[in-house]
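Working notes, beginning with the structure itself.
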Amino acid sequence: MGAKLRVYKRRIRSVTATKKITRAMEMIAASRVVKAQRKVAASTPYASELTRAVTAVATGSNTQHPLTTEAENPTRAALLLVTSDRGLAGGYSANVIKAAEQLTERLKAEGKEVDAYIVGRKGVSYYSFRERKIVESWTGFTDSPAYGDAKAIAAPLIEAVQKDTAEGGVDELHIVYTEFISMMTQTALDDRLLPLSLDQAVAESEASATGEILPLFDFEPSAEDVLDALLPRYVESRIYNALLQAAASKHAATRRAMKSATDNAEELIKSLSRLANEARQAEITQEISEIVGGASALADATAGSD
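Residue numbers 1034 to 1339, in this note's numbering, belong to the letters of the sequence shown in order.
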C-alpha cells in the first residue's frame, strides 16, 4: 500500500470515529430536549398564574412595594445572564451573551450601573476573560436545572432588590436567557422581572387566563404582606422557567450542531473514499505498467540473446 493511500485510510478511520461520537451526542441531546420540553410545559402555567396573582394584588391596592413600584430615579440594575456550562451547541451561548451586551449598553445609556449575576461556565468565562466584575455566579446544573437552583439564584437577587442602592441594592432586575420556541427556533431575549410592569402583566395574565377579567380581592392581613409573601415565589418561578427554557434551547442547539457535524463527517468520508479509490487505482495502474514494462524488457533481452 502506497503512502498516499495509507494517509487517506487513516483519515477515514479518524473521521468515522468522530462521526460515531457526534451521532451519539445528537441522540443524547434529542432525548434530553424532549424531557426539557415537558418541564417547560409543566412550569409555564404556574409562573403565568403567579404573575396573574401578583398583578391582581398590585392593581387592587395602592401599596408601595419593590415588586411593583418604579423608582423615581433608577441608578442601578441587576442583570441575570443564563448561559450554558458546556459548548458544542453552535451559537447558543454567543447569542445570549450578545443579547446581554446589548441590554447592558442600553441600561448604561440610561445612566444605570449594571451588576452582573451569571449562570453557566460560558458566561462566567466570557466575563472573567474581559476582567469584568461578577457579583455572583452559579455553574454545574444548566443541562438539568432544579427548582432548588432557582431558589439559590433568586435569594441574593431578592436581597439586592430590597436594599437601598446606597447599600449595594438595585432598582431593577433583568434576566437574559434563551426562549425555547420549537426544535428549530430558539430566541435570546431580555425580560425585566422587577419592578413588574403592570400593563404588560395584565396583558399576559389575561392571555393566560383565556380573556378572563382579573378578579377583585380583599387582602388579609394587608396587600403589602401578600406582596411580601409573593415576591420570592414570583422571582423564583420566573427564574426557574427561564432556566428550563434555556436548558431546552441548549439541548435543541446541541442536537442541531451535532447533526450538522455528523452530516459533514459523512460528506468528508465520501470525499476521502473517492480520493482513496483514485489513489488505489493509480497504484494498480502503476504496478500494471511496471509489470508490462518488465515483461517487455525481459522479452527483448531474451530475443537479443537468441
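For glycine and all other residues, C-beta sits at the position ideal for the given N, C-alpha and C.
Nearest to residue i (by Cα), restricted to the options the options
i       : options                            : result
Leu1206 : Leu1136, Lys1166, Arg1154          : Leu1136
Met1291 : Pro1254, Arg1043, Met1058          : Met1058
Leu1226 : Leu1114, Gly1156, Glu1320          : Leu1114
Leu1276 : Met1060, Lys1042, Glu1138, Lys1184 : Lys1184
Ser1071 : Gly1327, Ser1215, Val1194          : What sits at residue 1071 in the sequence shown is Arg, not Ser. Closest option to Arg1071, Cα to Cα, is Ser1215.
Thr1084 : Leu1263, Val1157, Val1040          : Leu1263
Asn1106 : Glu1164, Val1073, Glu1146          : Glu1146
Ser1064 : Ala1280, Leu1331, Ala1075, Asp1224 : Ala1280
Val1152 : Val1129, Phe1162, Glu1164          : Val1129
Ala1122 : Ile1054, Asp1176, Arg1288, Glu1200 : Arg1288
Ala1086 : Arg1163, Lys1166, Leu1100          : Leu1100
DSSP state of residue i mapped onto helix, strand, coil
i       : result
Phe1213 : strand
Ser1255 : coil
Glu1169 : strand
Arg1119 : coil
Leu1136 : helix
Arg1163 : coil
Thr1220 : strand
Ala1179 : coil
Asp1148 : strand
Glu1323 : helix
Ala1050 : helix
Ala1104 : coil
Glu1316 : helix
Glu1299 : helix
Leu1229 : coil
Glu1311 : helix
Glu1205 : strand
Beta-carbon contacts of residue i that lie in its chain and below 8 Å, excluding the five residues immediately before and after
i       : result
Gly1124 : Ala1286
Thr1220 : Thr1211, Glu1212, Ile1214
Arg1056 : Met1291, Thr1295
Glu1299 : Lys1052
Ser1322 : none
Thr1102 : Pro1228
Lys1131 : Ala1221
Supposed close pair residue i, residue j - CB separation, criterion 8 Å
i       : j       : result
Tyr1150 : Ala1104 : At roughly 19 Å, the Cβ-Cβ gap does not stay under 8 Å, so Tyr1150 and Ala1104 are not in contact.
Ala1133 : Val1066 : 23 Å between Cβ atoms; not a contact.
Ile1302 : Ile1045 : 6 Å
Thr1211 : Gln1278 : 7 Å
Ser1076 : Asn1274 : 5 Å
His983  : Ala1036 : Absent from the structure is residue 983, since the part of the chain shown begins at 1034 and ends at 1339.
Neighbourhood of residue i by C-beta distance below 7 Å, restricted to the same chain and skipping five residues each side
i       : result
Thr1198 : Thr1108, Arg1109, Asp1204
Cβ-heavy atom distance, residue i to the ligand HEM, below 7 Å
i       : result
Arg1056 : Among the components modelled here there is no ligand, and therefore nothing to report on the ligand HEM.
Cβ neighbours of residue i in the same chain (closer than 6 Å, five flanking residues each side left out)
i       : result
Lys1155 : Thr1116, Ser1117, Ser1126
Phe1174 : Asp1182
Val990  : Nothing about residue 990 can be read from this structure; the chain reaches only from 1034 to 1339.
Gly1202 : Ala1193, Lys1196
Ser1282 : Thr1211, Phe1213, Gln1219
Touch test, the stretch 1142–1161 against the stretch 1300–1315, Cβ-Cβ under 8 Å, three pairs minimum: no
For the 8 Å Cβ check, are there 3 or more pairs between the stretch 1259–1268 and the stretch 1154–1171? no
Any contact of the stretch 1311–1328 with the stretch 1111–1121, i.e. 3+ C-beta pairs under 8 Å? no
Are the stretch 1269–1279 and the stretch 1178–1198 in contact at 8 Å, needing three or more beta carbon pairs? yes
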